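Residue 145 in the UniProt record's numbering is what sits at position 145 of the sequence shown, and the numbering runs on without skipping anything. Quick reminder that beta carbons are idealized off the backbone N, C-alpha and C, glycines included. Quantities reported herein were computed from a predicted structural model and do not represent experimental measurements. Here is the structure we will look at.
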Amino acid sequence: MKLSEIKCDVESTTIAVAYPLNPIYECSSRQILSTQPLFAYLPLRSYGFRFILQADFEITAARQEVIRDNRWNDWLKSEMVQLFSLAYEQFQHLPELLTKCTLDFHQTNNPLTKIQTLKYFLKLIPMRNEIDPYFNTFVDKSIQGLMGIIRLPVFCHDDEAIIDWVLPSQCVLVRDTFIRKIFSQSLLLSHFNSYYLHEEFLKESDEQILIKLGCRRLDFADILKLIRTLYKQNDQIHSTKTTSIEQIAQWLLCIDYSLQQQRERPGFNHDQDDDTEQTTIAELKQLKIIPLRQQTQLVSIDEFENRTILFPPDKTIKYAKHLKIVLDDLPTIDDRLLYYIEDKYPRRLDSIKALLTTLGLCDARNMRRIYRSHIVPIIRDDSQWSKKPDATLIAYLI
1 MKLSEIKCDV
11 ESTTIAVAYP
21 LNPIYECSSR
31 QILSTQPLFA
41 YLPLRSYGFR
51 FILQADFEIT
61 AARQEVIRDN
71 RWNDWLKSEM
81 VQLFSLAYEQ
91 FQHLPELLTK
101 CTLDFHQTNN
111 PLTKIQTLKY
121 FLKLIPMRNE
131 IDPYFNTFVD
141 KSIQGLMGII
151 RLPVFCHDDE
161 AIIDWVLPSQ
171 CVLVRDTFIR
181 KIFSQSLLLS
191 HFNSYYLHEE
201 FLKESDEQIL
211 IKLGCRRLDF
221 ADILKLIRTL
231 YKQNDQIHST
241 KTTSIEQIAQ
251 WLLCIDYSLQ
261 QQRERPGFNH
271 DQDDDTEQTT
281 IAELKQLKII
291 PLRQQTQLVS
301 IDEFENRTIL
311 FPPDKTIKYA
321 KHLKIVLDDL
331 PTIDDRLLYY
341 IEDKYPRRLD
351 SIKALLTTLG
361 LCDARNMRRI
371 YRSHIVPIIR
381 DDSQWSKKPD
391 ATLIAYLI
């Protein structure tokens, strides 16, 4: 389309973006950069951008506002979408350009790195709630244009000394160092062709911008897929011989982390998202990831749907003899699992216990539930109670 068809007697026009560079050396994740005015050759008011946009906008007589619902201004906005991508290309060469620059940019003794430059560039990208709604489509389309060209820093394999640069669609956001160790980079790459973002870069970048660019969080589906895949390798069976207590603990830590991330994501609503969480819990109950005391096979919660799986009884509590007999007869989670988590990840113990409780595990002091879910079904089933020792049956009745 010719410009003259949009605006009479116009053969060409210039649109431009200018970024402030003075703050680039001292810019931190918490620093708020000043907003800049919009320019139509002369400055108008601020529209929320932290960089300067210049275009031949048609403006009101008071020279304060861009005229809205204006064909020419809308066309300018549509063409401005290219600016983010062009600016990114220039930012890639910025460290080299600044070393050759004779102007004073408050340089420190340390040269500007590529990671610092990219962090600063992303910090200048506005979110919808920061700018005038008139420019929302410009920002959304500009970010979409970046998705296919921008490269983010990641660790290669498990060597944190080697950095590679990949598309956002291959990047996974995990801030928790425990989870990064458990769900290693090599596992992430081999099973999902994805990478963890560079830790320093992730720490000082806006997660919402990263997600808009195409990065994603480690979610429950990833962990579920990995657990199932690992079982299939080497014809592994669901047993405590082939699946170590350490591995089960790590699975539970990853699952708990993914559920917390699900609850903490922006816009999460406990009422509206409850169905999603219930679906997740239902899927967890199907997984054979529960080791029981004195059993070699892992079990799922669903296998004990009509029964009770206990937490190990508190050893500081002295139970009556008949109660101890009843508790010893109940399926109980392997003590080693909780001991391992308490020893290696003590800060996660309460959270893991809460997860297991949500899945259906029961405290030994909940005798009403034990009676309803364990004792009564056994007494009513001839094939079960007939196999029980007399001492156990007497304890049931007491």
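Find the nearest neighbour of residue i within the set the options, judged by alpha-carbon distance.
i           : options            : result
residue 335 : 137, 369, 249, 210 : 249
residue 203 : 162, 145, 154, 189 : 154
residue 361 : 376, 369, 311, 328 : 311
residue 175 : 190, 191, 332, 201 : 201
residue 295 : 230, 184, 330      : 330
residue 222 : 87, 280, 70, 391   : 280
residue 375 : 213, 327, 128      : 327
residue 177 : 79, 112, 254       : 254
residue 173 : 183, 86, 196       : 196
residue 55  : 34, 79, 35, 36     : 79
residue 378 : 343, 341, 358, 308 : 308
residue 321 : 345, 371, 190, 391 : 391
Quick one: is residue i buried, meaning 16 or more other Cβ sit within 10 Å of its Cβ, or exposed?
i           : result
residue 93  : exposed
residue 142 : buried
residue 123 : buried
residue 332 : buried
residue 263 : exposed
residue 44  : buried
residue 282 : exposed
residue 47  : buried
Classify residue i as helix, strand or coil using the three-state DSSP reduction.
i           : result
residue 192 : helix
residue 164 : strand
residue 81  : coil
residue 290 : strand
residue 247 : helix
residue 296 : coil
residue 91  : helix
residue 326 : helix
residue 254 : helix
residue 174 : coil
residue 23  : helix
residue 333 : strand
residue 183 : coil
residue 346 : helix
residue 49  : coil
residue 318 : coil
residue 7   : coil
residue 264 : helix
For residue i and residue j, I'd like the C-alpha separation in whole angstroms.
i           : j           : result
residue 18  : residue 252 : 49 Å
residue 170 : residue 193 : 7 Å
residue 278 : residue 38  : 48 Å
residue 119 : residue 152 : 10 Å
residue 9   : residue 23  : 41 Å
residue 235 : residue 228 : Residue placement at residue 235 is poorly supported in this model, since its pLDDT is 49, which falls under 50; the coordinates still yield a value, given next. Using only the alpha carbons, I get a separation of about 11 Å.
residue 339 : residue 368 : 27 Å
residue 187 : residue 206 : 26 Å
residue 75  : residue 7   : 10 Å
residue 116 : residue 314 : 52 Å
residue 290 : residue 355 : 12 Å
residue 59  : residue 40  : 8 Å
residue 66  : residue 114 : 36 Å
Could you tell me which residues DSSP pairs with residue i in its beta bridges?
i           : result
residue 66  : 59
residue 43  : 39
residue 16  : 54
residue 362 : 310
residue 154 : 164, 197
residue 217 : 173
Hey, does residue i have any beta-carbon neighbour from chain B nearer than 9 Å?
i           : result
residue 279 : No chain B appears in the structure shown, which is made up of a single protein chain.
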